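Throughout the sequence shown, residue numbering follows the working numbering, covering 807 to 1167 in sequence. The structure appears right after this line, and notes come after that.
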Amino acid sequence: MEMKIGVIKGDGIGPEIVEEAMKVLDRIAEVYGHSISYTQLLMGGVSIDVNGVPLTDETLEEAKGCDAVLMGSIGGDAKTSPWYQLEPSKRPEAGLLALRKGLNLFANLRPAMLYPELKGACPLKEEIADRGFDMMIMRELTGGLYFGKRSTQTENGVTVARDELTYSEDEIRRIARRGFDIAMKRRKKVTSVDKANVLDSSRLWRKVTEEVAADYPEVQLENMLVDNCAMQLVKDPAQFDVILTENMFGDILSDEASMVTGSIGMLPSASLNETKFGLYEPSGGSAPDIAGKGIANPIATILSAAMMLRFSFDLDREADAVEAAVSEVLKEGYRTIDIMSEGMNQIGTKEMGDLISSHIR
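Right, here's the structure in full:
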């Protein structure tokens, strides 16, 4: 297969971790007889430095011409970076929002699983970690509060800020269907998370999700309020299979789930549109404090590349090979500093990428 992959290396540790994911993809191509061409794309802080904006129209069009996009992390230190002296619409994160909107990436998939080898890094009680967990968080990505109308103005001498949260039934229905489709390939359970006891948007979310559930009689649906879900994620994460939720709730809950795994450096993600096209990125930030030190964990980015093989190219065997290689390296006791524990062998970013690549066969 010929794969045309757009690459956004981004800011901070982004270039380091993306290089290792590309190394693993190249190894897959070598072993399984595929061909990969890469198109380098600028987005985020590095695009501000070069183009004055976090995402140009030209870059967006180039991304649309690719089969999929692999991305590192964007942004910098909000206290010291000149990027954050700009108005919000010109900052690095605005480029990511514009990219998601421009590519119609409405479905964000964030798997969170606890590798048995990393139980010691899990911050939960031992009896909880021993049960393990494997969940998929499905987050609606192009609607809700983050894309609503917003304003800051003075009224009667007082500054007032407003952010509008809006969802249509069509937006809810398409993400719900994607969530139930994925549940059918997993353990056939969907937990729909909302705040229906307070918000009209959540009441509509619950109504539409229940309508969609009727088309999937094999899938168990439960509704859960977001505050309860936040508690359950640390009390009993093994209960979850697919968590389906709106944009802001998904943003918060997926970050919580990432830390329950032991490190956000272990959490990949995929953002999909209605075709096979997807944007694949680690869930963590740009970590400017460790950029250039060669100690960042590339596993989330490598696992994001595995998700790309699975969801955009239907290469399940190759995706399985990447995931198995990660598991084997962890079983052999190799760790980056964020997941390091006593008795393990600490290695750097490049070494981790080399080892995972060498285990692909």
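The C-beta atom is built at its ideal place from N, Cα and C for all residues, glycine as well. Since the structure is predicted, the reported quantities are computational estimates derived from the model, not experimental observations.
Please say whether S1069 and Y1086 have beta carbons closer to each other than 8 Å?
-> no
What residue from A1019, E825, G926, R956 has the CA that sits closest to R806's CA?
-> Here the chain covers residues 807 to 1167 and nothing more, so residue 806 does not appear.
G954 by DSSP, collapsed to three states: which one?
-> coil
Cβ pair G878, G820 closer than 8 Å = Cβ atoms of G878 and G820: closer than 8 Å.
Determine the burial state of S1075: buried for a count of at least 16 other Cβ atoms within 10 Å of its Cβ, exposed for fewer.
-> buried
C-beta contact flag for A827 and T1107 at 8 Å | yes
Which of helix, strand or coil does DSSP assign to E1148?
-> Coil.
Quick one: measure Cβ to Cβ for R916 and I943, integer angstroms, because I've assumed they're closer than 8 Å.
-> 4 Å
Run of the alpha helix (DSSP H) containing N857, from where it starts to where it stops | 851–857
Since M919 contacts T1067 with CB under 8 Å, what's their CB separation in whole angstroms?
-> 7 Å
Ordered list of alpha helix (DSSP H) runs contained in the segment 1100–1134, each at least 4 residues | 1105–1117
Nonlocal neighbours in the same chain, by C-beta distance under 7 Å from M1054, ignoring five residues either side | So the qualifying residues of the chain are G950, L951, Y952.
Measure how close the beta-carbons of N1079 and L902 come, nearest whole angstrom, since I'm counting them as under 8 Å.
-> Rounded, the Cβ-Cβ distance is 15 Å, inconsistent with contact.
Other residues of its chain near Y890: CB distance less than 7 Å, five sequence neighbours each side excluded = A884, R897
Cβ shell of E1138 (< 6 Å), same chain only, five flanking positions each side left out = none
So which of M1150, S1147, D1144, G1159 has the shortest CA-CA distance to E1129?
-> G1159
Considering only the beta carbon of each residue, do N1003 and L1031 sit closer than 8 Å?
-> yes
For N1029, the first and last residue of its enclosing beta strand (DSSP E) | Note, N1029: beta strand (DSSP E), 1026–1031.
Cβ pair count under 8 Å reaching 3, the segment 808–817 against the segment 847–856 = Verdict: yes, contact present.
Alpha helix (DSSP H) runs wholly inside the segment 997–1029, at least 4 long, in chain order = 1006–1019
Report yes or no: do three or more beta-carbon pairs, one from the segment 1090–1100 and one from the segment 962–982, lie closer than 8 Å?
-> no
Excluding five sequence neighbours on each side, which residues of the same chain lie with their C-beta closer than 6 Å to the C-beta of E1134?
-> H1165
L992, DSSP secondary structure in three states | Checking the sequence shown, residue 992 turns out to be Arg, not Leu. In this structure, R992 counts as coil in the three-state DSSP scheme.
Please list, in chain order, all residues of the same chain as V837 whose beta carbon is under 7 Å from its beta carbon, the five residues on each side excluded.
-> For V837, the CB contacts under 7 Å within the same chain, skipping 5 residues up- and downstream, are I1166, R1167 in chain order.
Near Y921, what residues of its chain come up, given a Cβ to Cβ distance below 6 Å and the 5 sequence neighbours on each side ignored?
-> L1136
Distance between beta carbons of F1046 and T1081, contact taken as under 8 Å | 28 Å between Cβ atoms; not a contact.
Would you kindly report the start and end of the unbroken alpha helix (DSSP H) that includes S1164?
-> The continuous alpha helix (DSSP H) containing S1164 extends over residues 1155–1164.
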